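**Q**
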Amino acid sequence: MVSLEKAVIARIERGGKRFEILVDPELAQDFRQGKPVGLESILAVRAVFKDARKGERAGEKELEEAFGTQDLLKIAEEILRKGEVQLTVEQRRRQMEQRRRQIADILAREAVNPQTGLPHPVTRILNAMEEARVQIDPFKPADQQLEPVIQAISSVLPISLKRVRIAIKVPMEYAGRVSAQIRGMVTIRKEEWKGDGWYAVIELPAGMQAEIMAKLNRLSGGQLESRVLD
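Position 119 of the sequence shown, counting from 1, maps to 1240 under our numbering, and the rest follow consecutively.
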């Protein structure tokens, strides 16, 4: 069991009232990420509080009304799964760096330099984020932060999150395999099966164009026909 000095607060609001528990910061995050952690080992104190800092405990009636039970472990599980858990300074730093890297990885895959049409390496994007002093929200998904990050770094790095449409034709002997494998890689805007093969208009991130088209050509036995539409 974690000491009170190292514990953080996990809280949830129900019916306009706040309920808090004191937890081990690392084990609480492990639990929220689905790792096998016993609830008993997470709790610093076997109690549910209205205000943990003041030591004000929630009453049995309040717990019953808010959670439908007075069982401490069931309530703790509910708070940990659906509530908010404070982060330590070190946890916040790690989560910030992890989110920053996730954003850079996505941009390296999907964005391009509009001057050359080529993607930027991850390191270059990370350096641009550092130079532009980009503010990252560690709690917001990476894909929801792409546009503001691009706006912030565009002054130091030419970058564009562009998508391209490409018309392709795959010979019939490879069409079934290509059609099946391509669906998880691109968006298919239009498709038609003809006697001589599979025709489609696909849409994909510009930064992934070279990689995906090379793969499609391999799957097509080097007989892929393609034309960029925009």
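Using N, Cα and C, we set each Cβ at its ideal position, and we do this for glycine too. Because the structure is a prediction, the values reported are computed rather than measured.
To the nearest angstrom, how far is it from the Cα of Leu1239 to the Cα of Trp1314?
**A** Position 118 of the sequence shown, counting from 1, holds the residue named residue 1239. Position 193 of the sequence shown, counting from 1, holds the residue named residue 1314. Between Leu1239 and Trp1314, the C-alpha separation is close to 32 Å.
**Q** Beta-carbon within less than 6 Å of Gly1328's beta-carbon, same chain only, minus the 5 sequence neighbours each way: which residues are those?
**A** On the sequence shown, residue 1328 is found 207 positions in, with the first residue counted as 1. Excluding positions up to five away in sequence, the list reads Arg1230, Glu1231, Ala1232, Val1233, Pro1240.
**Q** What are the partner residues of Pro1292, as DSSP defines its beta bridges?
**A** Walking along the sequence shown from the start, residue 1292 turns up at place 171. DSSP output for Pro1292 lists Gly1318 as bridge partner(s).
**Q** Could you check the C-alpha separation between Ile1227 and Pro1259 for me, to the nearest Å?
**A** As a working mapping, residue 1227 is identified with position 106 in the sequence shown. As a working mapping, residue 1259 is identified with position 138 in the sequence shown. Between Ile1227 and Pro1259, the C-alpha separation is close to 16 Å.
**Q** Pull up the distance between the alpha-carbon of Gly1305 and that of Arg1339, whole angstroms please.
**A** As a working mapping, residue 1305 is identified with position 184 in the sequence shown. As a working mapping, residue 1339 is identified with position 218 in the sequence shown. Approximately 17 Å between the Cα atoms of the pair.
**Q** Rounded to whole angstroms, what's the CA-CA distance from Leu1325 to Leu1350? Just pull it up for me.
**A** What you label residue 1325 is simply residue 204 of the sequence shown in a count that begins at 1. What you label residue 1350 is simply residue 229 of the sequence shown in a count that begins at 1. So the two alpha carbons sit approximately 12 Å from each other.
**Q** Using a Cβ-Cβ cut-off of 7 Å (strictly less than) and excluding sequence neighbours within five positions of Ala1168, which residues of its own chain qualify?
**A** On the sequence shown, residue 1168 is found 47 positions in, with the first residue counted as 1. The residues are Arg1178.
**Q** Based on DSSP bridge pairs, tell me the residues matched to Leu1239.
**A** Your numbering for residue 1239 matches position 118 in the sequence shown. Leu1239 is bridged to Asn1234.
**Q** Taking three-plus beta-carbon pairs below 8 Å as touching, is the region 1282-1297 in contact with the region 1241-1254?
**A** At 8 Å Cβ cutoff, the stretches do not touch.
**Q** Is there contact between the region 1138-1152 and the region 1201-1210, where contact requires at least three CB pairs shorter than 8 Å?
**A** Cβ pair count under 8 Å is three or more, so yes.
**Q** Go ahead and label Val1129 buried or exposed: buried means 16 or more other beta carbons lie within 10 angstroms of its beta carbon, across all protein chains shown.
**A** Indexing the sequence shown from 1 puts residue 1129 at position 8. Buried: at least 16 other Cβ atoms inside 10 Å.
**Q** Can you tell me whether Arg1221 is buried or exposed, with buried defined as 16 or more other CB within 10 angstroms of its CB?
**A** In the sequence shown, counting from the first residue as 1, residue 1221 sits at position 100. Buried, since its Cβ has 16 or more Cβ neighbours within 10 Å.
**Q** Tell me the rounded alpha-carbon separation between Met1250 and Ala1331.
**A** Here residue 1250 corresponds to residue number 129 of the sequence shown, with the count starting at 1. Here residue 1331 corresponds to residue number 210 of the sequence shown, with the count starting at 1. In a straight line, the C-alpha of Met1250 is about 25 Å away from that of Ala1331.
**Q** With a CB to CB cut of under 7 Å and the five nearest residues on each side skipped, what residues in its chain are close to Gln1212?
**A** Translated into positions along the sequence shown, residue 1212 becomes position 91. So the list reads Pro1146, Gln1150, once near-sequence residues are dropped.
**Q** How far does the alpha helix (DSSP H) with Val1270 in it extend, from its first residue to its last?
**A** The residue given as residue 1270 occupies position 149 in the sequence shown. It spans 1267-1274 - the alpha helix (DSSP H) in which Val1270 sits, taken as one unbroken run.
**Q** Can you tell me which of the three DSSP states Glu1211 falls into?
**A** Numbered from 1 along the sequence shown, position 90 holds the residue referred to as residue 1211. Three-state DSSP puts Glu1211 in a helix.
**Q** If you reduce the DSSP assignment to three classes, tell me which class Ile1280 lands in.
**A** Along the sequence shown, read from residue 1 onward, the residue named residue 1280 stands at position 159. It is coil, neither helix nor strand.
**Q** Under 8 Å Cβ to Cβ from Val1353, same chain only, skipping five residues before and after it: list those, please.
**A** The structure shown does not extend to residue 1353, since the chain is modelled only from 1122 to 1351, so the question has no answer here.
**Q** In whole angstroms, what is the alpha-carbon distance linking Ser1275 and Ile1309?
**A** Here residue 1275 is taken as the residue at index 154 of the sequence shown, counted from 1. Here residue 1309 is taken as the residue at index 188 of the sequence shown, counted from 1. In a straight line, the C-alpha of Ser1275 is about 30 Å away from that of Ile1309.
**Q** List the residues that DSSP assigns as beta-bridge partners of Leu1143.
**A** Taking the sequence shown and counting its residues from 1, one reaches residue 1143 at position 22. In the DSSP output, where bridge partners are listed per residue, Leu1143 has Ile1130.
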